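Notes to accompany the following structure.
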Amino acid sequence: MFALIDCNNFYASCHRVFQPKLIHQPIVVLSNNDGCVISRSEEAKLAGIPMCAPAHQFQQVFEQKKIEVFSSNYQLYADMSNRVMSILSLYSPEQEIYSIDECFLKLTGFDHFDLKNYGKEIKSKIYQFTKLPVCVGIAPTKSLAKLANHIAKKFPEVHQGVYVIKTQEQIHKALKWLNIEDVWGIGRRMSRRLKLMDVNKALDFVQLKDEFIRKEFSIIGLRLKKDLLGESVLDLNITSEKKSIATTRSFEEYTSNFEYVKERVSTFAVSCAEKLRKQNSSCNLITVFIQTNNFDKSKPQYYRTISFHLPYESNSSITLSKFAIRAFEQIYKEGYEYKKAGVIVSGIISSNQKQLSLFEEENCHHPNLMKTIDLINKKFGGAKIKLASQDLNKTWKMRQNKLSPCYTTKWKDLLVVY
DNA sequence: TCTGGGGTCCTTATTCCG
DNA sequence: TCTGCGGAATAAGGACCC
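The opening position of the first sequence corresponds to residue 142 in the working numbering, with each subsequent residue numbered one higher.
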């Protein structure tokens with residue numbers, strides 16, 4: 142059996158923990174740069190704020206309906222998430238932290254437990270220690286646990302936030318109820334195609350023939366069908382090691398300027414290098430992409446990505462920046478207004494198991510140089526050491542007009558109780 | 001004026017090699 | 001030297017997730 146524990150409206154709830162007066166108030170949390178809505182309290186959902194609503198289009202609605210708006214505060218969410226996850230780790234030896242606000246627990250050998258009670262205990266313990274509300278779904282497979290969680294969320298009065306799927310009848314009933322677009326693993330595209338075939342519920346989907354699903358929806362669809370029928374084919378993914386690390390950002394303005402985009406790419410590469418060094422690892426593949434604004438259909442669109450193998454594993458800002466720029470120069474095309482770019486590094490290995498290259502070596506001074514740069518940057522915070530390919534004047538600041546305090550991670554932001 | 005960012009996995013097309 | 005084939009490797013792109 143698997144349990145899926147998912148925090149309710151996680152980001153919005155985090156803000157509520159420290160401002161209890163907001164309980165029962167509508168809250169939304171905005172994406173980076175205050176772009177669009179990425180989390181909503183139940184009240185905000187009822188007020189008709191859709192997910193991903195562009196903030197600038199909903200300004201008036203926010204005011205009219207007295208919706209409390211927050212910029213995203215990832216320090217706060219990360220810290221609250223860590224607390225939740227460490228509590229959850231006490232409830233099973235096998236835990237997969239699936240995202241910042243949800244995790245799977247494998248409940249092998251728990252058959253003689255009263256699972257409903259176990260779920261309730263988990264829920265109340267998390268509330269006791271963090272004041273965050275969660276829902277618990279328990280079922281024989283991961284996708285069914287996800288479904289059970291969905292049911293727990295949808296009918297809070299009936300199930301008190303915990304739902305267990307155990308028998309074939311319960312599986313059947315749940316699949317019959319679940320809309321196809323709400324199945325975990327079926328996104329917008331697949332559900333549209335399925336609906337055209339008159340497949341509207343999860344049950345319709347699992348009744349399709351294996352060969353048909355394999356042909357139309359690939360191995361992914363087939364695996365999903367089996368998992369939904371109770372045959373556990375999706376297993377826990379416990380390794381927390383990342384396979385790629387990315388830094389991608391929209392620009393403050395559209396630009397056709399080669400030098401501008403190049404500077405951004407260089408800076409993103411430096412950021413990836415810093416993230417690699419932070420976790421003591423290196424990469425051997427770097428991918429760069431640039432793109433125009435795909436919301437503006439009136440302008441010509443361009444999107445291109447390119448990957449570059451490094452001749453040696455590296456986490457040096459200088460090296461990664463150099464190769465990122467080289468890659469960028471190959472994909473840049475004149476005459477387009479670029480809006481966004483990104484650098485993704487992969488082929489990640491721990492620095493201490495580095496392969497020595499026969500022919501090409503990184504400049505042997507880089508590791509020490511980077512260590513020193515990291516130290517200085519850490520010590521002096523904002524005033525960073527930069528590469529010559531980066532813009533020295535650029536102190537890019539995310540728009541975060543509604544940023545809340547970091548209640549749990551900064552001394553100066555601690556709550557004061559009078 | 002103003003529409004996020006960070007991930008995973010799989011498929012497809014292409015290339016290289018024997 | 002040319003051709004065809006299949007497998008392996010890989011880049012790019014697309015689907016999905018939060």
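Glycine included, every Cβ here is placed at the ideal spot set by N, Cα and C.
Nothing here was measured: the structure is a model prediction, and the numbers come from that model.
| Query | Result |
| --- | --- |
| Gln531, DSSP secondary structure in three states | coil |
| Backbone CA spacing between Ser230 and Ile263 [nearest angstrom] | 10 Å |
| Contact between the region 391-409 and the region 348-364 (3+ Cβ pairs under 8 Å) | no |
| Test item: CB-CB of Leu426 and Gly488 under 8 Å | yes |
| Per DSSP, cross-strand counterpart(s) of Ala387 | Ile485 |
| As assigned by DSSP and simplified to three states, the class of Phe469 | helix |
| Burial state of Ala372, where buried means 16 or more other Cβ atoms lie within 10 Å | Sequence inspection shows Glu at residue 372; the Ala mentioned does not correspond to that position. With fewer than 16 Cβ atoms within 10 Å of its Cβ, Glu372 is classed as exposed. |
| Own chain residues within Cβ distance below 8 Å of Ile321, not counting five before or after | Ile327, Ser332, Leu335, Lys336, Val340, Asn341, Lys342, Ala343, Asp345, Phe346 |
| Straight-line Cα distance separating Cys193 from Val178 | 5 Å |
| Option nearest Thr308 by Cα separation, candidates Gln442, Gln201, Met142, Pro297 | Met142 |
| Closest residue to Gly302 among Pro234, Val158, Asn149 (Cα-Cα distance) | Asn149 |
| Residue interval of the beta strand (DSSP E) (run including Tyr239) | 236-240 |
| Backbone CA spacing between Lys257 and Pro191 [nearest angstrom] | 32 Å |
| Outcome for Trp325 when other beta-carbon atoms lying within 10 angstroms are tallied against a minimum of 16 | buried |
| Per-residue burial, Thr460 [other beta carbons within 10 Å of its own, 16 or more giving buried] | buried |
| 3-residue-minimum beta strand (DSSP E) runs that sit fully inside the region 428-458, ordered along the chain | 444-455 |
| Nearest to Arg330 (by Cα), restricted to the options Glu310, Val402, Leu319, Glu357 | Glu357 |
| Start-to-end residues for the beta strand (DSSP E) that takes in Ile279 | 275-280 |
| Closest Cα partner of Ala482 within the set Ile490, Phe469, Gly476 | Phe469 |
| Alpha helix (DSSP H) segments (min. 4 residues) lying fully within the region 149-176 | 151-159 |
| Ala529, buried or exposed, once every other Cβ within 10 Å from all chains shown has been counted against 16 | exposed |
| For Ser233, the first and last residue of its enclosing alpha helix (DSSP H) | Element bounds for Ser233: n/a, residue is neither H nor E. |
| Whole-angstrom distance between Leu510 and Asn534, CA atom to CA atom | 23 Å |
| Reference Phe436; option with closest CA among Ser455, Glu404, Tyr479 | Tyr479 |
| Backbone CA spacing between Gly476 and Lys438 [nearest angstrom] | 16 Å |
| Cβ neighbours of Lys410 in the same chain (closer than 6 Å, five flanking residues each side left out) | Checking the sequence shown, residue 410 turns out to be Ala, not Lys. Taken in chain order, the residues that qualify are Leu461, Ser462, Ala465, Val484. |
| Assigned secondary structure, Lys549 (DSSP; H/G/I helix, E/B strand, else coil) | Checking the displayed sequence, the identity of residue 549 turns out to be Thr instead of Lys. In this structure, Thr549 counts as coil in the three-state DSSP scheme. |
| Endpoints, the alpha helix (DSSP H) within which Leu229 is located | 215-229 |
| With 16 other Cβ atoms within 10 Å as the buried cut-off, status of Thr408 | buried |
| Inter-residue Cα distance where the pair is His291 and Asp255 | 20 Å |
| DSSP beta-bridge partners of Glu243 | Asp147, Ser240 |
| Beta-bridge pairing of Asn320 - partner residues as DSSP gives them | Lys342 |
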